[in-house]
Amino acid sequence: MRNKLRKLLILFLWIAVWQAVSVMVGNVFVIVGPWETVSALLRLMGSGNFFPSVGKSLVCIICGFLAGSALGAISAVLAYRFRVFGEIIDPFFKTIKTVPVVSFIILVLIWFNKDLTASLISMTVTAPAVYYNIKAGLESTDKQLLEMAEVFRMDPGRRFTYIYLPWLKPFITSSVQTAFGMAWKSGVAAEVIGQPLMTIGNGLYRGKINLATDEVLAWTVAIVVMSVITEHMLLLAVRKALPGRA
Amino acid sequence: MPQITAMIRLKNIEKSYDGHRVLSGFSADIGDSETVILFGDSGAGKTTLLRLMLGLEKPDSGSVDIAGMNFSAVFQEDRLCAHADAVENVTVVTKTLSAAVAEAELKRLLPEDRHHMPVSELSGGEKRRVAIVRAMCHDADAYLLDEPFTGLDEDMQQKAMEYILEKTAGKTLIITAHEEWQYDKGRKIAVG
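Those protein sequence lines, which keep their order, are chains A and B. For the first sequence, counting from 1, position 20 maps to 870 in our numbering; every step adds exactly one. For the second sequence, counting from 1, position 110 maps to 120 in our numbering; every step adds exactly one.
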C-alpha cells in the first residue's frame, strides 16, 4: 500500500513538472499541459474515429507481435534441436536486430500494402527478441532434469510440459516485456510513415500537420495506456497459463 | 563365489575428468536379481560408475555392456520437477501409473498432507522420499541408487530400505555407500 502511494506521488510529481514546463513555455504549438491533453483526448474519443483507429492499430500490432513470437520461438526450438539450423538462422536474426527499423518500414512500403506495415514491422522487431530469449532459456535448461528424463525415458510431450515449459517461463515473460513495448513503438512509427487510414499513426500525423500539439500528446497518451494495459494482460495470461517459476 | 549370469558387464573401465583419473581398470559383473553395494570414499568413482551404466557418460576406454536394459535411478541430487507436486513427480516418469497408485505408494514414506504440495515446498528429507518412490514405481530391470538415504533419519532410512527391497525383489539393485558395513545386504564391491 505504501509502495503504491509512493508510486502515485511520483506520477503526480511528473505531471506537475509537465504542467510547469507547459506554463513556462507558454506556447500551445510547442507544448500543452496535462489538462489540455486530457480534454483533447476526450474530444478525440467523442469524434467517432478514435476507437476504430485504436482498434485497428491494436489488432495489427498484436497480430504482428504474435506472428513474430511464433517465428522467434519456433526458430529458437529448431536452432536448439539442430545446430546447423542455428548456424544458418543466427545471422538472419542478427541482421534484423541491427538494421534500423525505419529501413524496414521503407522496404515494407515498397514491397507490400501500407495496411500491412504495422503488423510486419511489429513482427520484425519481436522475432529476434523472442528468438534470443527462448534460445538462451533452452540452452540453460537444467541438465540434471534432462538426464533424469533420459534415464526414465520420458516422452517428448512430458519433457516439454514438466521440464522445458516451467524452465522457460521467466524467459517467455522477459520476451513479452522486452518485445511488446518495442512492437508498439515500431508499429506506430510504421503507421506514421506509411499512413494507413484510421490508425493511431495516422491520427498522430494529422495532429502534426494541423499543428495540434494537444492532439499529438493525446494520441501519445492513448498509445502509452493501450501498451501498458495490453502488456499487463498478456503477462497475466502467460503467468497463469504456464506452469513453474514466477 | 557362485557363478552369475551377468546382466551388466563392466570391463577395464578407465575414466578421467580434466586429467584427474577417477576409475582405473575397473571391472565387475552384476547379475540378474542381484543386490550390489558399491562402496568407496568420496571421489572414488561410485557415481561415475552409475552414470556409465545409465549411459549418461562414456568411458575413456573399456566397455560397459548393459544389453538393452531398462534402468530406474535415485540420483545423488533429488532431480524433481520443482513446480509439480509429489504425485505428479511420481506419475510423470511412468506413463502407465495412475495418480491413485502413486498416492498409495507415496503413503508408504510420505505423509498424505504432503502429496499435493509443490515439491519445492517440501523439506530435503521429504524430497528425497519422493525421489525414492518415483524410482521404485518405475518399471525397470535394474535400480541404481546413488546414496539414496541422504537427509533421512535412521528410522526413515530403515523404512525406506524395506520399501526398496520389497519393490526391487527379483530385480537388480545397485546402491552406492561410503562404508562397506553400511548395508548388511548384497554383494560388496570396492570402488577406487
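Here a beta-carbon is modelled for each residue, glycine too, at the ideal position from N, C-alpha and C.
Roughly how many whole angstroms lie between the Cα atoms of residue 1091 of chain A and residue 981 of chain A?
-> Within the first sequence, residue 1091 of chain A is the residue found at index 241, counting from 1. Within the first sequence, residue 981 of chain A is the residue found at index 131, counting from 1. Cα atoms of residue 1091 of chain A and residue 981 of chain A: separation of roughly 20 Å, rounded to the nearest angstrom.
With a floor of 4 residues, list each alpha helix (DSSP H) that falls wholly inside the region 60 to 125 of chain B, ordered by position along the chain.
-> Listed in chain order, the complete alpha helix (DSSP H) runs (minimum 4 residues) inside the region 60 to 125 of chain B are 96 to 101, 109 to 117.
Within 9 Å, strictly: CB atoms of residue 201 of chain B and residue 148 of chain B | Looking up residue 201 of chain B in the second sequence gives position 191. Looking up residue 148 of chain B in the second sequence gives position 138. In this structure, residue 201 of chain B lies away from residue 148 of chain B, with their beta-carbon atoms at least 9 Å apart.
For residue 198 of chain B, which residues of its own chain have a beta-carbon under 7 Å away from its beta-carbon, when the five flanking residues on both sides are left out?
-> Start at 1 with the first residue of the second sequence, and residue 198 of chain B comes out as number 188. The residues are 47, 49, 190.
With DSSP collapsed to three states, give me the class of residue 150 of chain B.
-> Position 140 of the second sequence holds residue 150 of chain B. Coil at residue 150 of chain B, not helix or strand.
Find out if the Cβ-Cβ distance for the pair residue 152 of chain B, residue 84 of chain B is shorter than 9 Å.
-> Position 142 of the second sequence, counting from 1, holds the residue named residue 152 of chain B. Position 74 of the second sequence, counting from 1, holds the residue named residue 84 of chain B. In this structure, residue 84 of chain B does not lie closer than 9 Å to residue 152 of chain B by Cβ.
Host beta strand (DSSP E) of residue 944 of chain A (start-end) | By 1-based counting over the first sequence, the position of residue 944 of chain A is 94. First-last for residue 944 of chain A: 933 to 948, but that is the alpha helix (DSSP H), not the beta strand (DSSP E).
Say whether the region 1030 to 1048 of chain A touches the region 1072 to 1084 of chain A, bearing in mind that this needs 3 or more beta-carbon pairs closer than 8 Å, one atom from each stretch.
-> Here the region 1030 to 1048 of chain A lies against the region 1072 to 1084 of chain A, with 3 or more beta-carbon pairs under 8 Å apart.
Any C-beta of chain A sitting closer than 9 Å to the C-beta of residue 108 of chain B?
-> For the purposes of this step, residue 108 of chain B is identified with residue 98 of the second sequence, where counting begins at 1. Not one chain A Cβ lies under 9 Å of residue 108 of chain B.
Which chain A residues sit within Cβ distance under 9 Å of residue 54 of chain B?
-> The residue labelled residue 54 of chain B in the question sits at position 44 within the second sequence. Against chain A, a Cβ distance below 9 Å from residue 54 of chain B picks out nothing, because the smallest value is about 21 Å.
Per the contact definition of three or more C-beta pairs closer than 8 Å, is the region 1040 to 1060 of chain A in contact with the region 25 to 44 of chain B?
-> Taking a contact to require three or more Cβ pairs closer than 8 Å, the region 25 to 44 of chain B and the region 1040 to 1060 of chain A do not qualify as touching.
For the region 1025 to 1072 of chain A, list the alpha helix (DSSP H) runs that are entirely contained and at least 4 residues long, ordered along the chain.
-> Taken in chain order, the unbroken stretches of alpha helix (DSSP H) that lie wholly in the region 1025 to 1072 of chain A and span 4 residues or more are 1050 to 1059.
What's the gap between the Cα of residue 11 of chain B and the Cα of residue 94 of chain B?
-> As a first step, residue 11 of chain B must be located in the second sequence, where it is residue number 1. As a first step, residue 94 of chain B must be located in the second sequence, where it is residue number 84. Bear in mind that the predicted position of residue 11 of chain B carries a pLDDT of just 49, short of 50, making it too unreliable to give a figure here.
What residues are listed by DSSP as bridge partners for residue 31 of chain B?
-> For this step, residue 31 of chain B is matched to residue 21 along the second sequence. Answer is B:26.
Closest residue to residue 1041 of chain A among A:931, A:1056, A:1029 (Cα-Cα distance) | As a position in the first sequence, residue 1041 of chain A is number 191, starting the count at 1. Closest by alpha carbon: A:1056.
Where DSSP assigns a beta bridge to residue 183 of chain B, which residues make up the other side?
-> By one-based count along the second sequence, residue 183 of chain B stands at place 173. Bridge partners of residue 183 of chain B according to DSSP: B:45, B:153.
Below-9 Å beta-carbon distance, residue 183 of chain B vs any chain A residue | Here residue 183 of chain B refers to the residue found at position 173 of the second sequence. Not one chain A Cβ lies under 9 Å of residue 183 of chain B.
Output yes if chain A places a C-beta closer than 9 Å to the C-beta of residue 65 of chain B; else output no.
-> Counting from 1 along the second sequence, the entry for residue 65 of chain B is found at position 55. Interface residue, yes.
Could you name the residues of chain A that residue 148 of chain B contacts, counting a contact when the two beta carbons are closer than 8 Å?
-> Locating residue 148 of chain B in the second sequence gives position 138, where the first residue counts as 1. Within 8 Å Cβ-Cβ: 1002.
Closest by C-alpha distance to residue 974 of chain A, when choosing among A:920, A:1015, A:870, A:1002 = Within the first sequence, numbered from 1, the residue matching residue 974 of chain A stands at position 124. Taking only the C-alpha atoms, the option nearest residue 974 of chain A is A:920.
Sequence-distant residues of the same chain with beta carbon closer than 7 Å to residue 1066 of chain A, five excluded per side | By 1-based counting over the first sequence, the position of residue 1066 of chain A is 216. The beta carbon of residue 1066 of chain A sits closer than 7 Å to those of 1054, 1057, 1058, all from its chain and outside the five residues before and after it, given in chain order.
Grouping DSSP H, G and I as helix and E and B as strand, with all else coil, what is residue 39 of chain B?
-> As a position in the second sequence, residue 39 of chain B is number 29, starting the count at 1. Assignment of residue 39 of chain B by DSSP, reduced to helix, strand and coil, places it in the strand class.
Could you tell me whether any Cβ in chain B is nearer than 9 Å to the Cβ of residue 1013 of chain A?
-> Position 163 of the first sequence, counted from the first residue, corresponds to residue 1013 of chain A. Answer yes: the Cβ-Cβ gap between residue 1013 of chain A and chain B drops below 9 Å somewhere.
Chain B contacts from the region 1016 to 1031 of chain A (Cβ-Cβ distance under 8 Å) = Those residues of the region 1016 to 1031 of chain A that come within reach of chain B (Cβ to Cβ, closer than 8 Å) are 1016.
Beta-ladder partner(s) of residue 197 of chain B, from DSSP = On the second sequence, position 187 is the one that residue 197 of chain B refers to. Under DSSP, residue 197 of chain B shares a beta bridge with B:46.
Residues from the region 972 to 993 of chain A in contact with chain B, defined by Cβ distance under 9 Å = Correct list: 992.
Taking C-beta pairs closer than 8 Å, name the residues in chain B that residue 1094 of chain A reaches, listed in chain order.
-> Position 244 of the first sequence, counted from the start, is the residue given in the question as residue 1094 of chain A. Simply 92, 93.
Could you please give me the residues that DSSP links to residue 852 of chain A through a beta bridge?
-> Counted from its first residue, the first sequence places residue 852 of chain A at position 2. As computed with DSSP, residue 852 of chain A is found in no beta bridge at all.
When DSSP labels each residue in this structure, what does residue 1089 of chain A get in the three-state scheme?
-> Working through the first sequence from its first residue, we reach residue 1089 of chain A at position 239. In this structure, residue 1089 of chain A counts as helix in the three-state DSSP scheme.
Are there 16 or more other CB atoms within 10 angstroms of the CB of residue 963 of chain A, so buried, or fewer, so exposed?
-> If you number the first sequence from 1, residue 963 of chain A lands on position 113. Exposed is the label assigned to residue 963 of chain A, since fewer than 16 other Cβ atoms lie within 10 Å of its Cβ.
For residue 11 of chain B, which of helix, strand or coil comes out of DSSP?
-> To locate residue 11 of chain B, count along the second sequence from 1; it is residue 1. Residue placement at residue 11 of chain B is flagged as unreliable, the pLDDT there being 49, under the threshold of 50; a coordinate-derived value is accordingly withheld.
Tell me whether the beta-carbon of residue 70 of chain B lies closer than 9 Å to the beta-carbon of residue 137 of chain B.
-> To locate residue 70 of chain B, count along the second sequence from 1; it is residue 60. To locate residue 137 of chain B, count along the second sequence from 1; it is residue 127. No, the pair does not count as a contact, with Cβ atoms beyond the cut-off.
With a cut-off of 8 Å, do at least 3 Cβ pairs link the region 1017 to 1030 of chain A to the region 108 to 119 of chain B?
-> Taking 8 Å as the limit for Cβ pairs, the verdict is that the region 108 to 119 of chain B does not touch the region 1017 to 1030 of chain A.
Under 9 Å between C-beta atoms, does residue 102 of chain B make it to chain A?
-> Taking the second sequence and counting its residues from 1, one reaches residue 102 of chain B at position 92. Residue 102 of chain B counts as touching chain A.
Out of A:877, A:927, A:952, A:970, point me to the one whose CA is closest to residue 916 of chain A's CA.
-> Here residue 916 of chain A refers to the residue found at position 66 when the first sequence is read from its first residue. Answer by Cα proximity: A:970.
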